[in-house]
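Here the structure is laid out as structure tokens; the discussion comes afterwards.
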Amino acid sequence: MDKLHAMRVFIRVVEANSFSKAAETLGLPRASVTTTVQNLEAALGVRLLQRTTRKLSLTLDGAAYLEGASRILSEIDEIESTFTSARKTPRGRLRVDMPGSIGRLVIIPSIHEFHDKYPDIDLMLGLGDRAVDLIQEGVDCVVRVGELADSSLLARRIGAMQPITCASPAYLAEHGVPRTIEDLERHIAVNYFSNRTGRNMELCFQRDGAVEEISMKGVISVNDADAYVTCGLEGQGILQPARFMVLPHLRSGALREVLTDWRPPRIPISAVYPHNRHLSPKVRVFVDWLAELFERCPLLQGEELPDDLCEKHEAEKLKAEKLKAAKTKAPVEREEMRECVM
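In this note's numbering, the protein residues as written are 4 to 345.
Below you can see the structure in the form of structure tokens.
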């Protein structure tokens with residue numbers, strides 16, 4: 004029996020809390036995973052897992068073995084990385100999850116750069132505003148927006164976003180323009196509810212160092228960033244999206260910023276990954292690429308407006324799109340946010 008392989012399989016079963024999920028993330032048949040754990044228990048002469056029809060739980064022996072095996076494999080990975088990272092090309096499947104708006108507007112338009120640099124990495128990109136469980140779901144890295152609470156994970160700050168308070172001209176024509184946060188009592192909001200708690204998130208305002216959070220009534224709540232912006236465009240209420248998401252709508256006049264003296268605080272953007280994968284070459288190069296990508300544009304560092312570099316990229320992209328459309332005799336369809344990013 005390959006004991007190191009058995010250790011890895013056992014740890015993945017515990018992390019996923021399921022033989023089937025562990026098999027899926029390891030790319031092995033379920034029967035093979037089950038047999039590996041059974042053979043490991045037989046070789047050790049102890050039961051590591053209590054199995055029921057609904058869940059798995061560690062025995063006392065299993066908990067002790069998990070701790071020791073995790074430490075051993077971490078040390079092995081660290082030693083191997085020391086000798087191979089400098090000369091080995093990162094390769095293999097890399098599972099990354101991130102908010103849909105960041106993936107669609109920031110990552111996907113430039114993903115060819117990453118593939119050109121690391122062609123042997125097979126990137127699996129999960130998009131959505133749901134907070135995934137890295138350990139349970141076998142995810143290598145996630146991009147998270149906001150302050151981080153899980154101390155069992157490692158994180159690297161890669162950027163920040165500046166929310167703004169805005170609404171459509173039609174909404175403001177009907178309800179009036181709020182001049183102070185006290186005026187919001189007479190307004191409605193497009194509410195965004197947390198996937199984790201199911202509760203609407205408050206609107207946040209900051210002035211002279213003072214922060215105030217306000218709950219607003221509304222006629223609709225959503226849990227998707229693109230839907231959130233669409234509701235605002237349709238005049239459903241006041242909203243607080245990230246500036247990078249709505250810059251084209253601000254420039255076109257489809258949305259109008261209000262309460263500019265009470266700007267929401269900047270929100271950090273981080274790349275997060277489990278402890279046991281922090282030395283993986285493929286995770287490291289992807290996070291490094293993310294950080295460089297975000298650094299190119301002030302909007303992804305929490306700045307209010309793009310600088311000349313972003314404007315140059317936007318002009319170049321638009322020129323290329325027009326040229327392509329002219330060659331194919333097709334209309335130019337601009338992405339909602341191709342500007343400012345690369």
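We treat Cβ as the ideally placed atom computed from N, Cα and C, and that holds for glycine. These numbers were taken from a predicted model, which means no experiment stands behind them.
In the assembly as shown, alanine 66 is an exposed residue. Its beta-carbon has fewer than 16 other beta-carbons within 10 Å. Residue pairing of cysteine 300 in beta bridges, as defined by DSSP: absent, with no partner found. Proximity to valine 135 across Ile110, Ser218 and Gly103 peaks at Gly103, based on C-alpha coordinates.
Judged by DSSP secondary structure, glycine 129 falls within the beta strand (DSSP E) whose first and last residues are 124-130. For leucine 206, the enclosing beta strand (DSSP E) begins and ends at 206-210. With a minimum length of 4 residues, the unbroken runs of alpha helix (DSSP H) contained wholly in the region 183-256 fall at 228-236 and 246-255. Pairing isoleucine 272 with valine 193 gives a Cβ-Cβ distance that is not under 9 Å. One alpha carbon belongs to threonine 38, the other to tyrosine 195, and they sit about 46 Å apart. The beta carbons of arginine 159 and valine 16 sit no closer together than 9 Å. Pairing proline 93 with alanine 9, the inter-Cα distance amounts to about 24 Å.
A Cβ-Cβ distance of about 6 Å is found for the pair proline 166 and alanine 245, placing them in contact under the 8 Å criterion.
For proline 277, there is no enclosing alpha helix (DSSP H); the residue is found in the beta strand (DSSP E) stretching over 270-277. The beta carbon of leucine 175 lies closer than 8 Å to those of Arg259 and Val261 in the same chain, with the five residues before and after it left out. Listed as beta-bridge partners of glutamate 260 by DSSP are Cys169. The C-beta separation of leucine 128 from valine 99 comes to about 6 Å, placing the pair in contact by the 8 Å criterion. The three-state reading of DSSP puts serine 283 in coil, since its state is none of H, G, I, E or B. For serine 21, the secondary structure class from DSSP, reduced to helix, strand or coil, is coil. Aspartate 186 has its alpha-carbon roughly 15 Å from the corresponding atom of arginine 266. At the C-beta level, valine 288 and lysine 120 come within 9 Å of one another. Taken through DSSP and simplified to helix, strand or coil, aspartate 100 comes out as strand. Contact check for arginine 107 and aspartate 125: beta-carbon distance about 20 Å, past the 8 Å limit, so the pair fails to qualify. Under the criterion of beta carbons closer than 8 Å, leucine 253 and valine 109 do not qualify as touching, at roughly 18 Å.
Contact annotation: serine 224 and asparagine 198 have beta-carbon atoms that are not nearer than 9 Å.
When secondary structure is reduced to three states using DSSP, arginine 107 falls in the helix class. Residue environment for glutamine 239: buried (at least 16 other C-beta atoms within 10 angstroms of its C-beta). The criterion of a C-beta distance shorter than 9 Å is satisfied by methionine 219 and histidine 190. Straight across, the Cα-Cα distance linking isoleucine 111 with glutamate 237 is about 26 Å.
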